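Chemist:
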Amino acid sequence: MKIAIVGASGFVGSALAESLWQSDPGSVVPLIHRSGNAWQLARHGMPLRCADVLNKAELRGALEGCTHLVNCFRAGGDVMVRGLANLIDAARAAGIQRLVHISSVAVYGPRFDGGTIDEQCPKRAEPGSYGAMKEQCDRMIAKAARRGLPAVVLCPPNVSGVNSPFLLALVEHLRSGKGAIIDAELPCELVDVQNLVHAIRLALDGGPADGSRVFVTDQESRLTWRDLIEQLAEAALIDLPLPVISSAAAETVLRASRRPQASFTRAIRRLFAADVRKALRQDPMWQSAIDAVARLSKRMPARMRGRMNGAPTLARGPSANRPSYAATVLEQQLRNVRYSNARAIKELGYRPPISGEQSLSGFRHWLDRQFGWRGPMGDLVLTALAVGRDGLPPLGNSALS
Amino acid sequence: MHNPLNIAIVGCGRIAQRHAAACLQTEGARLAAAVDADLERARSLARLAGGDVQAATSIDELPGGIDGAVIATPNHLHCETAIACLKRGISVLIEKPLATTVADGEAIHLEAVKQGRVACVGYSQRHRPNVQLMKRLLEREHFGAVKRFAYQCGSRGGWSPLSRYNLDRQSVGGGVLVVMGTHFLDRMLHWFGYPREAALVHDGAGGPEANAFASFRFDFGGRQLEGEARFSKMTAMTPVIAMDAEAGTVVLADHDRAQIRLFPHTEPGLAVVLQDRGASGDPGDIFQLQLADFVAACRGEREPMSPSASALESLRLLETLYAQAEPFDAPRSPVQPVQELISL
Chain E
1 MKIAIVGASG FVGSALAESL WQSDPGSVVP LIHRSGNAWQ LARHGMPLRC
51 ADVLNKAELR GALEGCTHLV NCFRAGGDVM VRGLANLIDA ARAAGIQRLV
101 HISSVAVYGP RFDGGTIDEQ CPKRAEPGSY GAMKEQCDRM IAKAARRGLP
151 AVVLCPPNVS GVNSPFLLAL VEHLRSGKGA IIDAELPCEL VDVQNLVHAI
201 RLALDGGPAD GSRVFVTDQE SRLTWRDLIE QLAEAALIDL PLPVISSAAA
251 ETVLRASRRP QASFTRAIRR LFAADVRKAL RQDPMWQSAI DAVARLSKRM
301 PARMRGRMNG APTLARGPSA NRPSYAATVL EQQLRNVRYS NARAIKELGY
351 RPPISGEQSL SGFRHWLDRQ FGWRGPMGDL VLTALAVGRD GLPPLGNSAL
401 S
Chain D
1 MHNPLNIAIV GCGRIAQRHA AACLQTEGAR LAAAVDADLE RARSLARLAG
51 GDVQAATSID ELPGGIDGAV IATPNHLHCE TAIACLKRGI SVLIEKPLAT
101 TVADGEAIHL EAVKQGRVAC VGYSQRHRPN VQLMKRLLER EHFGAVKRFA
151 YQCGSRGGWS PLSRYNLDRQ SVGGGVLVVM GTHFLDRMLH WFGYPREAAL
201 VHDGAGGPEA NAFASFRFDF GGRQLEGEAR FSKMTAMTPV IAMDAEAGTV
251 VLADHDRAQI RLFPHTEPGL AVVLQDRGAS GDPGDIFQLQ LADFVAACRG
301 EREPMSPSAS ALESLRLLET LYAQAEPFDA PRSPVQPVQE LISL
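Chains as they are written, first to last, in our numbering: chain E, 1 to 401; chain D, 1 to 344.
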């Protein structure tokens, strides 16, 4: 078995490559986009290949001689979709025997009414969201499987474990005062990166190959968001209690944080903004066109003219004197669902080696070691961080006492 | 009025573009040649610079009249490239670090002395006014005795050289401690002198380490000073130093415009900002300041800010740290006070 990993320098890809490398260095072909992100792998002296998913020839060359493929790459915009199309073509050309594609539970949508769902649950990702893009990719995988490429789609929730970007971002939100707990016992679904690696390795060996989805989470988790946030706050020496807000208040914050819907009127108003008009007036043709529009607008009914001129709209975002909470932290809490591992257990033989408690405890231990906040210089590091963030440390900061 | 100094850039990867821009903006310097084993890269830099910049694949092809060379090759090529230039009577500004071993660094230094040419190292951050102000304040004991310091710098990824030599421990001469840490080690030596004791833990396992934590003990101002520095290429860490001094906690973030702040122990809510009276908010581009310094040193107007002799100290410290480094996952925590230190 020779396993190519696309997106090998990412969090999941690196952990998988390390695991395979430790078992059999000859079995893994890590593919990276840029050398700058590949330090976790380079430290083992692992040979790395560079391949751009948008470069078909490069991808085909990179997959030469590989029998299995794991797709962990993430990208913004349509790169994820175009890159996946190239990857499927290259996998077919290379005669890949099995493709494991890493998707996300986000394809099932952002809101539930509690309970546990399985893979058959209807997909309700919002149009244009990350979940919708991942769903599009999942459909491409299912189609490729129908055409003869054995493939399976693994759907993890947020991935935890040592150096988890998700947990570190949460810690950062909490440290900067942008984290709040929603006042309800909301389920928090995580999968430790080592458990996900275990599931990927099982999926490379057998199990479903029809391009269908399999949920992969930590075993029988009873973790709530309150538990997670409080444990992280304690690990990061953040004063408790943390702000608690209602679900309704969280929804208000989320509504305010959303980007405004596209509006023809607003777009036209922007096009005719004073500074744009000023720039266009440099050209005589545009100047006469703008003057003509101005004359025309004077004949418009007052109501329409008002809309075009655009009376200032009141900002709906959080005001300066209200706390500003990170939308992502609230959105994740409001998801309010658990994902069943039953299919992974039955069809992959998934037995997660790390419990949820062990995972969080490992992260906390690593956090202490990596940042040294509890070490002999911890007070200095915390002071420096407070200054770096705000310019001045907050009064009463224990780091200064 | 001097004729402009003719400069060649040797090694036309990503960082060469900043050196080329500095050449174009610095009075008294003229970018004359771009050299790279990959001729297309050399041509590309020459085109970017415009004018009559000559592209070449080797320093043997350099036109006559080159006065100085910026060596921006992968680290393991610094020694042979710099010595070849010096032997041709060309002064060198070498990207940090000076070389990958002390022996190579000494060879460069001795060749520069022998040829009577300038050899200095691109510790560009030394040119920040805030770094120089800190040096003066520490020398004058403005903060009283400094007892401890903690420094951190980390990013998840970043800096991807075109040649990808950063993934090869031999080419780098180490890992994150070299790539990210040498700037701080250079500043630390500039401020506090050479440490009496030092220790390192890192996670390299055959390749360049991604995480490195170093501890130091100095005799500074007649008293003992302890410090630690954390470098990571896997975890983002705000680059900043904090010092525990008699007068209070002193903080300086790692960027060109950062201000030195003192939080007095007696008034924890107060922050005192220290800056040069009359200093403008914009210190200018540090690559340009560095090149101007090199040009002035080549003309014999002053000693360079980072001569090869001082860069050798930094190389010695690197080599000492690596020689006695312990694995990252060793049972004892790297943040504990330094034990079993090697006396330097």
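Think of the CB as a built atom: it goes at the ideal place given N, C-alpha and C, for glycine as much as any other residue. Since the structure is predicted, the reported quantities are computational estimates derived from the model, not experimental observations.
With the cut-off set at 8 angstroms, would you say residue 216 of chain D and residue 198 of chain D are in Cβ contact?
Modeler: Residue mapping note: residue 216 of chain D aligns to position 216 of the second sequence, counting from 1. Residue mapping note: residue 198 of chain D aligns to position 198 of the second sequence, counting from 1. Cβ distance < 8 angstroms, so residue 216 of chain D and residue 198 of chain D count as in contact.
Chemist: Starting from residue 278 of chain D, follow its DSSP beta bridges and name the residues at the other end.
Modeler: Along the second sequence, one-based indexing puts residue 278 of chain D at 278. In DSSP, residue 278 of chain D forms no bridge with anything.
Chemist: Give the single residue among D:126, D:123 and D:167 whose Cα lies nearest to the Cα of residue 34 of chain E.
Modeler: For the purposes of this step, residue 34 of chain E is identified with residue 34 of the first sequence, where counting begins at 1. When only C-alpha atoms are compared, the closest one is D:167.
Chemist: Could you tell me whether the Cβ of residue 359 of chain E comes closer than 8 angstroms to any Cβ of chain D?
Modeler: Within the first sequence, numbered from 1, the residue matching residue 359 of chain E stands at position 359. It does not: the Cβ of residue 359 of chain E has no partner Cβ on chain D nearer than 8 angstroms.
Chemist: If I follow the unbroken alpha helix (DSSP H) through residue 156 of chain D, where does it start and stop?
Modeler: For the purposes of this step, residue 156 of chain D is taken as residue 156 along the second sequence, with counting starting at 1. Segment: none, residue 156 of chain D is in no alpha helix (DSSP H) and carries neither H nor E.
Chemist: For chain D, find out if any of its Cβ atoms is closer than 8 angstroms to the Cβ of residue 287 of chain E; answer yes or no.
Modeler: One-based indexing of the first sequence puts residue 287 of chain E at position 287. No, residue 287 of chain E lies away from the interface with chain D (no Cβ there is under 8 angstroms from its Cβ).
Chemist: If you compare alpha carbons, which of D:283, D:272 and D:247 is closest to residue 266 of chain D?
Modeler: As a working mapping, residue 266 of chain D is identified with position 266 in the second sequence. For residue 266 of chain D, the nearest C-alpha among the options comes from D:247.
Chemist: State buried or exposed for residue 111 of chain D, treating a residue as buried only when at least 16 other CB atoms are found within 10 Å of its CB.
Modeler: In the second sequence, residue 111 of chain D corresponds to position 111, counting from 1. Residue 111 of chain D comes out buried.
Chemist: Would you please state the rounded distance, in angstroms, between the beta carbons of residue 56 of chain D and residue 37 of chain D? I believe it to be under 8 angstroms.
Modeler: Indexing the second sequence from 1 puts residue 56 of chain D at position 56. Indexing the second sequence from 1 puts residue 37 of chain D at position 37. The pair is not a contact, with the Cβ atoms about 10 angstroms apart (cut-off 8 angstroms).
Chemist: Do residue 15 of chain E and residue 31 of chain E have their CB atoms nearer than 8 angstroms?
Modeler: On the first sequence, residue 15 of chain E is found 15 positions in, with the first residue counted as 1. On the first sequence, residue 31 of chain E is found 31 positions in, with the first residue counted as 1. No, they are not a contact pair.
Chemist: Leaving aside the five residues before and after residue 115 of chain D along the sequence, list all residues of the same chain whose C-beta is less than 8 angstroms from its C-beta, in chain order.
Modeler: Reading the second sequence from its first residue, position 115 is the one you call residue 115 of chain D. Around residue 115 of chain D: 86, 87 and 89.
Chemist: Does chain D have any CB closer than 8 angstroms to the CB of residue 364 of chain E?
Modeler: Numbered from its first residue, the first sequence carries residue 364 of chain E at position 364. Chain D, which has no Cβ nearer than 8 angstroms to the Cβ of residue 364 of chain E, makes this no.
Chemist: To the nearest angstrom, report how far apart residue 314 of chain E and residue 220 of chain E are at their CA atoms.
Modeler: For this step, residue 314 of chain E is matched to residue 314 along the first sequence. For this step, residue 220 of chain E is matched to residue 220 along the first sequence. Confidence in residue 314 of chain E is poor, its pLDDT being 38 and thus under 50, which makes the residue's placement too unreliable to answer from.
Chemist: So, does the region 246-260 of chain D touch the region 125-142 of chain D, judging by three or more C-beta pairs under 8 angstroms?
Modeler: yes
Chemist: Out of E:55, E:372, E:64 and E:62, point me to the one whose CA is closest to residue 80 of chain E's CA.
Modeler: As a working mapping, residue 80 of chain E is identified with position 80 in the first sequence. Nearest C-alpha to residue 80 of chain E: E:55.
Chemist: Residue 71 of chain E lies in the beta strand (DSSP E); which residues open and close that run?
Modeler: Mapped onto the first sequence, residue 71 of chain E falls at position 71. 68-71 is the span of the beta strand (DSSP E), which, as asked, contains residue 71 of chain E.
Chemist: Check whether the region 3-16 of chain D and the region 182-190 of chain D are in contact - that is, three or more C-beta pairs closer than 8 angstroms.
Modeler: no
Chemist: Please report the residue range of the beta strand (DSSP E) in which residue 32 of chain D lies.
Modeler: Position 32 of the second sequence, counted from the start, is the residue given in the question as residue 32 of chain D. Residues 29-35.
Chemist: At 9 angstroms on the CB atoms, spell out the chain E contacts of residue 152 of chain D, in chain order.
Modeler: Within the second sequence, residue 152 of chain D is the residue found at index 152, counting from 1. Residues of chain E passing the Cβ test: 371, 372, 381, 384 and 385.
Chemist: For residue 234 of chain D, which residues in chain E fall below 7 angstroms Cβ to Cβ?
Modeler: Here residue 234 of chain D corresponds to residue number 234 of the second sequence, with the count starting at 1. Neighbours of residue 234 of chain D on chain E, chain order: 39, 40 and 163.
Chemist: Count the other C-beta atoms from every protein chain shown that fall within 10 angstroms of the C-beta of residue 365 of chain E, then say buried if there are 16 or more, exposed otherwise.
Modeler: Along the first sequence, read from residue 1 onward, the residue named residue 365 of chain E stands at position 365. With fewer than 16 Cβ atoms within 10 Å of its Cβ, residue 365 of chain E is classed as exposed.
Chemist: With a cut-off of 8 angstroms, does the C-beta of residue 196 of chain D fall near any C-beta of chain E?
Modeler: As a first step, residue 196 of chain D is located in the second sequence; it is residue number 196 there, counting from the start. So no, residue 196 of chain D is outside the interface.
Chemist: Between residue 131 of chain D and chain E, is there a C-beta pair that is closer than 8 angstroms?
Modeler: Residue 131 of chain D sits at position 131 when you count from the first residue of the second sequence. No, its Cβ sits nowhere closer than 8 angstroms to a Cβ of chain E.
Chemist: What number of angstroms, rounded off, separates the C-alpha of residue 173 of chain E from the C-alpha of residue 234 of chain D?
Modeler: The residue given as residue 173 of chain E occupies position 173 in the first sequence. The residue given as residue 234 of chain D occupies position 234 in the second sequence. Near 19 angstroms, if we compare the C-alpha coordinates of residue 234 of chain D and residue 173 of chain E.
Chemist: Report yes or no: is there a C-beta of chain E within less than 8 angstroms of the C-beta of residue 164 of chain D?
Modeler: As a position in the second sequence, residue 164 of chain D is number 164, starting the count at 1. So, interface residue.
Chemist: Once you ignore the five residues that flank residue 90 of chain E on each side, which residues in its own chain have a CB closer than 6 angstroms to its CB?
Modeler: For this step, residue 90 of chain E is matched to residue 90 along the first sequence. Cβ-Cβ distances below 6 angstroms link residue 90 of chain E to 59, 60 and 63 in the same chain, with the five nearest sequence neighbours on each side left out; the list follows chain order.
Chemist: Within the 8 angstroms Cβ cut-off, does residue 34 of chain E reach chain D?
Modeler: As a position in the first sequence, residue 34 of chain E is number 34, starting the count at 1. So, interface residue.
Chemist: Quick check on the DSSP output: the beta strand (DSSP E) that includes residue 60 of chain D runs from which residue to which?
Modeler: Taking the second sequence and counting its residues from 1, one reaches residue 60 of chain D at position 60. Careful: residue 60 of chain D lies outside any beta strand (DSSP E) and carries neither H nor E.
Chemist: Residue range of the beta strand (DSSP E) that residue 142 of chain D falls in?
Modeler: Reading the second sequence from its first residue, position 142 is the one you call residue 142 of chain D. That residue, residue 142 of chain D, is in no beta strand (DSSP E); it is neither H nor E in DSSP.
Chemist: Taking 8 angstroms as the CB-CB cut-off, is residue 20 of chain E touching chain D?
Modeler: Along the first sequence, one-based indexing puts residue 20 of chain E at 20. Residue 20 of chain E does not count as touching chain D.
Chemist: Look at the Cβ atom of residue 203 of chain D, then the Cβ atom of residue 287 of chain D, and state whether they are nearer than 8 angstroms.
Modeler: In the second sequence, the residue the question calls residue 203 of chain D occupies position 203. In the second sequence, the residue the question calls residue 287 of chain D occupies position 287. No, Cβ-Cβ distance for residue 203 of chain D and residue 287 of chain D is not below 8 angstroms.
Chemist: Are the C-beta of residue 377 of chain E and some C-beta of chain D separated by less than 8 angstroms?
Modeler: Here residue 377 of chain E refers to the residue found at position 377 when the first sequence is read from its first residue. Residue 377 of chain E counts as touching chain D.
Chemist: Please name the residue, chosen from E:135, E:334 and E:344, that lies closest to residue 224 of chain E on a Cα-to-Cα basis.
Modeler: What you label residue 224 of chain E is simply residue 224 of the first sequence in a count that begins at 1. Proximity to residue 224 of chain E across E:135, E:334 and E:344 peaks at E:334, based on C-alpha coordinates.
Chemist: Anything in chain D within Cβ reach of residue 44 of chain E, meaning under 8 angstroms, just list it in chain order.
Modeler: Position 44 of the first sequence, counted from the first residue, corresponds to residue 44 of chain E. 205, 206 and 207, listed in chain order.
Chemist: Express the C-alpha separation of residue 285 of chain E and residue 277 of chain D in angstroms, rounding to a whole number.
Modeler: Here residue 277 of chain D refers to the residue found at position 277 of the second sequence. Here residue 285 of chain E refers to the residue found at position 285 of the first sequence. If you take the alpha carbons of residue 277 of chain D and residue 285 of chain E, they lie about 53 angstroms apart.
Chemist: For residue 272 of chain D, go through chain E and note every residue whose CB falls closer than 8 angstroms to its CB, in chain order.
Modeler: Taking the second sequence and counting its residues from 1, one reaches residue 272 of chain D at position 272. Those do not exist, as residue 272 of chain D stays about 11 angstroms from chain E at its closest Cβ, beyond 8 angstroms.
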